[in-house]
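This note's numbering applies: residue 15 is where the sequence shown begins, and numbers increase by one.
Note that CB positions come from ideal geometry on N, CA and C, so glycine has one too.
Scroll down for the structure; my scribbles are underneath it.
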Amino acid sequence: DVLGWKNYSDMKNVSDATMNDNKFWCATSGGVFSFSLTDSLFQTYNKTEGLNGSPITAISIDNQGKIWLGSENGIIDIYNQSAKSFKRILDIYNSGRTLKQISSFRVEGDVIFVSTDFGLSSIDTKTYNFIDTYFKFGTFSSNIKVKSSFKSDRFFVATDLGLAVQVLGTTNLSAPESWNVYSTSNGLPSNNVKKIQSFKDTLIISSDRGFIY
C-alpha cells in the first residue's frame with residue numbers, strides 16, 4: 015500500500031541563502047533545503063511538506079526564528095520551526111499584477127521589508143499584516159522592480175533604475191520627495207543595482223558591472 019507521497023525536485027539552483035543556530039537555509043528553484051552544521055542533518059521542504067510558492071527566490075529569518083520564503087509567483091510562505099508548519103500570505107499573489115516576483119527580504123525588528131517586482135512592501139512579522147507599500151522613489155518611474163533594501167541611519171533601495179536613498183529626517187516613505195535617487199549620471203557604473211550591505215563604516219553596493227562603495 016502507498017502510505018503517502020513525497021516530491022523529489024531539483025534543488026541545485028540556489029537563489030538565496032541564510033543561516034541561524036548553526037543551520038543553513040537555502041531557497042532553490044525546486045523548494046527549500048536546510049543543513050545543520052551541528053549534526054549534518056539535511057532536510058528538504060516542498061509541496062508535500064506544505065510549501066506553496068515556486069520557484070523560491072528569497073529567504074530570510076525573522077527575530078522569532080520563523081523562516082520567510084518568497085517566490086516567483088508572489089506567494090510568501092512562513093515556516094514555523096517549532097510547530098513544523100507553514101503559513102502563507104497571498105496578498106501579492108492575488109494582486110492581479112503580471113510581475114509579482116519577490117527578490118529579497120530585510121528584517122528590521124518586528125517588520126520585514128519585501129522587495130518585489132513593483133516596489134517595496136513592509137509586513138508585521140507577528141500579525142502578518144501589510145503595513146505599507148512604496149511604489150515611487152524620487153524621480154524614478156512608479157512600480158519599478160526593487161532588488162533589495164538596506165537600513166542604517168536611513169533606507170537604501172536597489173532598483174532596476176539605480177539607487178534610491180531616503181532623505182534624512184523624512185518619515186513618509188510613500189512620498190516620492192522622501193527619496194534621493196542615483197544612476198549612472200551620478201557616477202554609478204550601472205543602473206542595475208542588486209544588493210546593498212555595509213562593512214564597518216562603508217556602504218557597499220553591487221551591480222551587474224561590479225561593486226561601488
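CA-CA distance, residue 55 to residue 191, rounds to 49 Å. Secondary structure of residue 109 (DSSP, three-state): coil.
Residue state for residue 86 is assigned as coil, using DSSP reduced to three classes. In this structure, DSSP gives residue 141 a state outside helix and strand, which the three-state scheme calls coil. Nearest in C-alpha terms to residue 209, of all of 85, 161, 176, is 161. Counting along the chain, residue 152 sits inside no beta strand (DSSP E), nor does DSSP assign it H or E at all. Cβ neighbours of residue 147 within its own chain (closer than 6 Å, five residues either side excluded): 133, 135. As a beta-bridge residue in DSSP terms, residue 194 pairs with 179.
About 14 Å separates the CB atoms of residue 139 and residue 95; that is not less than 8 Å, and the two are not in contact.
For the 8 Å CB-CB criterion, residue 166 and residue 212 form a contact. The residue among 189, 221, 50 with its C-alpha nearest the C-alpha of residue 150 is 189. A distance of 8 Å or more separates the beta carbons of residue 59 and residue 51. Residue 161 sits in a strand when the DSSP states are folded into three classes.
Pairing residue 48 with residue 74, the inter-Cα distance amounts to about 13 Å. Counting C-beta atoms within 10 angstroms of its own C-beta, residue 137 has 16 or more neighbours from the protein chains shown and is therefore classed as buried. When secondary structure is reduced to three states using DSSP, residue 188 falls in the coil class, being assigned neither helix nor strand.
Note: residue 211 is bridge-paired with 218 in the DSSP secondary-structure output. Looking at the DSSP output, residue 26 sits in no beta bridge, so it has no partner there. Annotation for residue 28: 40, 41, 42 place their beta carbon closer than 8 Å to its own, counting only its chain and skipping 5 residues before and after.
DSSP, read as helix, strand or coil, puts residue 52 in coil. Residue 34 sits in a strand when the DSSP states are folded into three classes. The C-alpha of residue 152 lies about 36 Å from the C-alpha of residue 46.
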